[in-house]
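Notes follow the structure.
Protein chains: 2
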Amino acid sequence: MSMSGARGGRERLVVIGGDAAGMSAASQARRLRGPGELEIVAFERGHFSSYSACGIPYWVGGDVAERDRLIARTPEEHRARDIDLRMRTEVTEIDVARGRVRARDVDSGDESWTSYDKLVIATGARPIRPDMPGADAPGVHGVQTLDDGQALLDSLAHTRGRRAVVVGAGYIGVEMAEALINRGFEVTVVNRGKEPMSTLDPDMGRLVHRALEGLGITMVNNAEVTKVHTGEDGRVRAVATEDAEFPADLVVLGIGVRPQTALAEAAGLPLGTHRGLLTDLAMRVRGHENIWAGGDCVEVLNLVSGQEQYVPLGTHANKHGQVIGTNAGGGYATFPGVVGTAVSKVCDLEIARTGLREKDAHRVGLRYETVTIESTTRAGYYPGASPMTVKMLAERRTGRLLGVQIVGREGAAKRVDIAAVALTAQMTVEQMTALDLGYAPPFSPVWDPVLVAARKATAKVRPR
Amino acid sequence: MSMSGARGGRERLVVIGGDAAGMSAASQARRLRGPGELEIVAFERGHFSSYSACGIPYWVGGDVAERDRLIARTPEEHRARDIDLRMRTEVTEIDVARGRVRARDVDSGDESWTSYDKLVIATGARPIRPDMPGADAPGVHGVQTLDDGQALLDSLAHTRGRRAVVVGAGYIGVEMAEALINRGFEVTVVNRGKEPMSTLDPDMGRLVHRALEGLGITMVNNAEVTKVHTGEDGRVRAVATEDAEFPADLVVLGIGVRPQTALAEAAGLPLGTHRGLLTDLAMRVRGHENIWAGGDCVEVLNLVSGQEQYVPLGTHANKHGQVIGTNAGGGYATFPGVVGTAVSKVCDLEIARTGLREKDAHRVGLRYETVTIESTTRAGYYPGASPMTVKMLAERRTGRLLGVQIVGREGAAKRVDIAAVALTAQMTVEQMTALDLGYAPPFSPVWDPVLVAARKATAKVRPR
Numbered sequence: 001m002s003m004s005g006a007r008g009g010r011e012r013l014v015v016i017g018g019d020a021a022g023m024s025a026a027s028q029a030r031r032l033r034g035p036g037e038l039e040i041v042a043f044e045r046g047h048f049s050s051y052s053a054c055g056i057p058y059w060v061g062g063d064v065a066e067r068d069r070l071i072a073r074t075p076e077e078h079r080a081r082d083i084d085l086r087m088r089t090e091v092t093e094i095d096v097a098r099g100r101v102r103a104r105d106v107d108s109g110d111e112s113w114t115s116y117d118k119l120v121i122a123t124g125a126r127p128i129r130p131d132m133p134g135a136d137a138p139g140v141h142g143v144q145t146l147d148d149g150q151a152l153l154d155s156l157a158h159t160r161g162r163r164a165v166v167v168g169a170g171y172i173g174v175e176m177a178e179a180l181i182n183r184g185f186e187v188t189v190v191n192r193g194k195e196p197m198s199t200l201d202p203d204m205g206r207l208v209h210r211a212l213e214g215l216g217i218t219m220v221n222n223a224e225v226t227k228v229h230t231g232e233d234g235r236v237r238a239v240a241t242e243d244a245e246f247p248a249d250l251v252v253l254g255i256g257v258r259p260q261t262a263l264a265e266a267a268g269l270p271l272g273t274h275r276g277l278l279t280d281l282a283m284r285v286r287g288h289e290n291i292w293a294g295g296d297c298v299e300v301l302n303l304v305s306g307q308e309q310y311v312p313l314g315t316h317a318n319k320h321g322q323v324i325g326t327n328a329g330g331g332y333a334t335f336p337g338v339v340g341t342a343v344s345k346v347c348d349l350e351i352a353r354t355g356l357r358e359k360d361a362h363r364v365g366l367r368y369e370t371v372t373i374e375s376t377t378r379a380g381y382y383p384g385a386s387p388m389t390v391k392m393l394a395e396r397r398t399g400r401l402l403g404v405q406i407v408g409r410e411g412a413a414k415r416v417d418i419a420a421v422a423l424t425a426q427m428t429v430e431q432m433t434a435l436d437l438g439y440a441p442p443f444s445p446v447w448d449p450v451l452v453a454a455r456k457a458t459a460k461v462r463p464r
Numbered sequence: 001m002s003m004s005g006a007r008g009g010r011e012r013l014v015v016i017g018g019d020a021a022g023m024s025a026a027s028q029a030r031r032l033r034g035p036g037e038l039e040i041v042a043f044e045r046g047h048f049s050s051y052s053a054c055g056i057p058y059w060v061g062g063d064v065a066e067r068d069r070l071i072a073r074t075p076e077e078h079r080a081r082d083i084d085l086r087m088r089t090e091v092t093e094i095d096v097a098r099g100r101v102r103a104r105d106v107d108s109g110d111e112s113w114t115s116y117d118k119l120v121i122a123t124g125a126r127p128i129r130p131d132m133p134g135a136d137a138p139g140v141h142g143v144q145t146l147d148d149g150q151a152l153l154d155s156l157a158h159t160r161g162r163r164a165v166v167v168g169a170g171y172i173g174v175e176m177a178e179a180l181i182n183r184g185f186e187v188t189v190v191n192r193g194k195e196p197m198s199t200l201d202p203d204m205g206r207l208v209h210r211a212l213e214g215l216g217i218t219m220v221n222n223a224e225v226t227k228v229h230t231g232e233d234g235r236v237r238a239v240a241t242e243d244a245e246f247p248a249d250l251v252v253l254g255i256g257v258r259p260q261t262a263l264a265e266a267a268g269l270p271l272g273t274h275r276g277l278l279t280d281l282a283m284r285v286r287g288h289e290n291i292w293a294g295g296d297c298v299e300v301l302n303l304v305s306g307q308e309q310y311v312p313l314g315t316h317a318n319k320h321g322q323v324i325g326t327n328a329g330g331g332y333a334t335f336p337g338v339v340g341t342a343v344s345k346v347c348d349l350e351i352a353r354t355g356l357r358e359k360d361a362h363r364v365g366l367r368y369e370t371v372t373i374e375s376t377t378r379a380g381y382y383p384g385a386s387p388m389t390v391k392m393l394a395e396r397r398t399g400r401l402l403g404v405q406i407v408g409r410e411g412a413a414k415r416v417d418i419a420a421v422a423l424t425a426q427m428t429v430e431q432m433t434a435l436d437l438g439y440a441p442p443f444s445p446v447w448d449p450v451l452v453a454a455r456k457a458t459a460k461v462r463p464r
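See below:
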């Protein structure tokens, strides 16, 4: 007796994880197949569904007034669309051979099996917690979930002192630094790398470093946190590195996340070198016809390096969900890969990158030239024209664009999209010099800064 | 005796026109070839060289404090780089057979011949002046040159009344409407078309129409100006159409420009259907090895329609100059064509377009689908998120992107660059749905509005 047979001919789609990738997949599958054809059951172990984790720093910083603004769709809204979303229910086992998952009610502890015809794994990421004394002390916060954000906000409200230490200087680290400045804290950022924003080359990271200092943030590079000191009340008092100690009334951990794939691994599903699930172009788990995976628990192909990479970003999770839902719903869609685009801001400083950094190019065996140019976001004579720096990498000989990094003020970051599309189309920097980009004095100098970089890169890879 | 022989082995490059295209060409040629190898003579009939005509509305409106901010390089600066720039000197004849040009000193009337080995024609555009009574009355202004801008500013200072009529609702028209509002005028825009911004489809132009009205601008569509009425002092008093009369203390003409090619035509050089010079990919005038042309006097290939088009924009002029100077200086560069990108703003409304409008697609025989979507410039919950509308055209069956139009608030316009690169790369709308664009809440919803449009267009050209 087939399992679907037991459900009166309806297929059952089971989704593990009720956030961006999982619920996008569920919603898209529902759009294509009505409840008479397809039953959809989704399990989420937390309190919230479909929320913008990327928005948490802005909620903590006060730019977003309330938590619920970050929730794109509540469990009730999903249920109203015939998606059986079971909150506070954690999947504890995937039984691939028999096509079923075991789920546990987090509050009652009750467990039961649910069979599936089609399975979507969207278990997301878990934050890296440093393995050191005091890391779990009151006053030390992660910022990955809405619950984390709420705990941090509560802590902000009750903390008397005004000294905050942010551990990590990547996207979350710098966004949290801004949030804490907005909340009136003195902020120190402790960073393991040479410069903040290790997703940039260090020469571009240095520009971010200077700008952070200009905002009154104390930036400590080349420093690994070894211990969190607590006071008599057990609450955080200071953060220690090998060389120094930084008084702290509050500590925010922003040192990244790892794919949450223990469940998948236990089920024998294939993981890559970054411990993320490996999928094919249709986002199916490799070797499995009826299991898909997407979002922060998978690795993605970087189209420039030709290698799998771990890029936990909400924008990819949403695309994955869309592709999975289309395929699981009987349509056809693919996710060809990423080019490594990311944008961020700290106060009015905008930071963007796409493609490969120098060390990425080295690692994958590409020879390249680099250029760095200074320009402005608008025509130099137009009010509000602000400096921006563009670094560009191009392959030697072929002149193919390999990567772009941008640091600048308002209007700088989204220019990286020009390079993101050019990378996707495998353009050379010389082809880019002829791009017909929007020009008017309020929007750009007559040569857009990206074109200025492309011109200079062209001259370097192909003299004259 | 060869002419270059007479110059001691040095070649002579003659440039007609001292603005963007001409002087970019001269500068780039000079970069590649020193004065010992190449003599460069440039003729400019006006008072200024290398200025940003696109900046004039912002100077008139007061955003740019002084005229000289619009001048990228003065005649003296060009001369310091060994470019013999002769101001107030008009070329009156090109003698292709003998390789020489006749130039006249505008002030003295003296004429003389100058021979060339290589010639660059960069004679620019002339504004369309309506052929009607009163068009030359005091108080009626064009805004093409710095001299025009100065005359208009003088007029603003002396005009008692505060009623202005702008004739034409294209880029210049709407930019001048904003400038005059900034100067405290009541502004009426009289427009021949169905809606303002005829570079957009009328349904998108309607959004501009509404926004202009929201700014307090009176918008009169479907109206052709037939007469300018003058008062007893001879100065403009009103503008008349067939049906109505609009009191006016000041009139600004923004009804476009035509290529200035009488000189080239008289010399037997090839003109296209828009009366612009026809060039090859190296920007050489077709059929002429040693004559180049660029800027507002040439037609350019539209890569989407496959046909020549007249697109007088400073950004193209600069690129033409760069390509011409590289080739004339012994290097190699090409200008492959345009995709029809343009951006503009009126107060905080941003307007952008690239590729083909519906009527362009019709005209060149392309069948297409269109979609129009509403989204926001930032994540909906992020402060400053503003509405933006994106219209997208895709070819039937193939799904190839044909065009994008955007109307919205801050951050909307430059998103058109995504589509401009995608058009250049001949992407389908389905390929676009996978583009790895920069996402963070301050910069974009998790699905960039351009991707939302691409998704919807994909569904339309290829159901499921």
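Protein chains in written order, with full-length UniProt numbering: chain A, 1 to 464; chain B, 1 to 464.
Beta carbons: idealized from backbone N, C-alpha and C, even for Gly.
Every value quoted in this text rests on a predicted model; they were computed, and no experiment measured them.
Annotated three-state conformation of B/Leu437 is coil, per DSSP.
DSSP, read as helix, strand or coil, puts A/His158 in helix. Remark: C-beta atoms of A/Ala379 and A/Pro312 do not approach each other more closely than 8 Å. 8 Å or more divides the Cβ of B/Gly124 from the Cβ of B/Gly321. Excluding its 5 nearest sequence neighbours in each direction, A/Ala385 has C-beta neighbours in its own chain below 7 Å: Thr376, Thr377, Arg378, Ala379, listed in chain order. Its chain contains Met432, Thr433, Leu435, Leu437 as the residues whose beta carbon lies nearer than 8 Å to that of A/Leu451, once the 5 sequence neighbours on both sides are disregarded; these appear in chain order. Contact between B/Ile351 and A/Asp417 fails: their C-beta atoms lie close to 19 Å from each other, not under 8 Å. Counting along the chain, B/Gln322 sits inside the alpha helix (DSSP H) bounded by residues 314-328. In this structure, A/Gly325 keeps its C-beta atom at 8 Å or more from the C-beta atom of A/Val300. Annotation: Cβ neighbours of B/Trp447 in chain A (cutoff 9 Å, chain order): Thr315, Asn318, Lys319, Gln322. Chain A places a beta carbon closer than 8 Å to that of B/Gly438, counting this residue as a contact.
Secondary structure note for B/Met219: its beta strand (DSSP E) is the uninterrupted segment 218-220. In terms of beta-carbon proximity, A/Arg235 stays away from the interface with chain B, with every pair separated by 8 Å or more. Excluding sequence positions up to five before and after B/Pro202, its CB lies within less than 6 Å of the CB of Lys194, Glu195, all in the same chain and listed in chain order. Spatial neighbours of A/Pro133 in its own chain (CB-CB distance under 8 Å, excluding positions within 5 residues in sequence) are listed in chain order as Lys227, Val228. Under the DSSP assignment, A/Trp447 falls outside any alpha helix (DSSP H); it carries neither an H nor an E label. Contacts between A/Arg69 and chain B, judged by CB atoms closer than 7 Å, involve Tyr381 in chain order.
Counting C-beta atoms within 10 angstroms of its own C-beta, A/Asn327 has 16 or more neighbours from the protein chains shown and is therefore classed as buried. One Cα belongs to A/Thr159, the other to A/Gly168, and the distance between them is close to 21 Å. Straight-line measurement puts the Cα of A/Leu212 at about 40 Å from the Cα of B/Glu430.
By alpha-carbon distance to B/Leu152, the top candidate from B/Ile56, B/Asp107, B/Glu308 is B/Ile56. Counted as a single uninterrupted DSSP element, the alpha helix (DSSP H) harbouring B/Val208 occupies residues 202-214. In the DSSP assignment, B/Ser375 is bridged to B/Met388.
Neighbours of B/Gly55 in chain A, taken as residues at a C-beta separation under 9 Å, are given in chain order as Ala379, Tyr381, Tyr382, Pro441. Contact fails between the segment 61-73 of chain A and the segment 353-362 of chain A, because fewer than three Cβ pairs, one in each stretch, are under 8 Å apart. Looking at the DSSP output, B/His229 bridges to B/Ala238. About 7 Å separates the Cβ atoms of A/Arg86 and A/Val41, confirming a contact at the 8 Å cut-off. Neighbourhood of A/Thr341 in chain B, by CB distance below 9 Å: Leu435, Asp436, Leu437, Gly438, Tyr439, in chain order. Within the same chain, Leu401, Met432 come within 6 Å of B/Ala422 by CB-CB distance, once the 5 residues on both sides are set aside. A buried status is given to A/Asp19, since no fewer than 16 other beta-carbon atoms sit within 10 Å of its beta-carbon.
Just measuring C-alpha positions, the residue of B/Arg12, B/Gly109, B/Glu77 sitting nearest B/Arg45 is B/Gly109. With respect to B/Arg10, B/Leu38 sits close: the two C-beta atoms are nearer than 8 Å. Comparing C-alpha distances from B/Ser112 to each of B/Val257, B/Pro35, B/Leu119, B/Ala103 shows the shortest one belongs to B/Ala103. For the pair B/Ala157 and B/Asp148, the Cα-to-Cα distance works out to about 14 Å. For B/Gly408, same chain residues with a beta-carbon under 7 Å away, outside a window of 5 residues either side, are Glu350, Thr377, Ser386, Pro387, Met388, Thr389 in chain order. Within chain A, no C-beta atom comes nearer than 8 Å to that of B/Asp148; the closest sits roughly 17 Å away.
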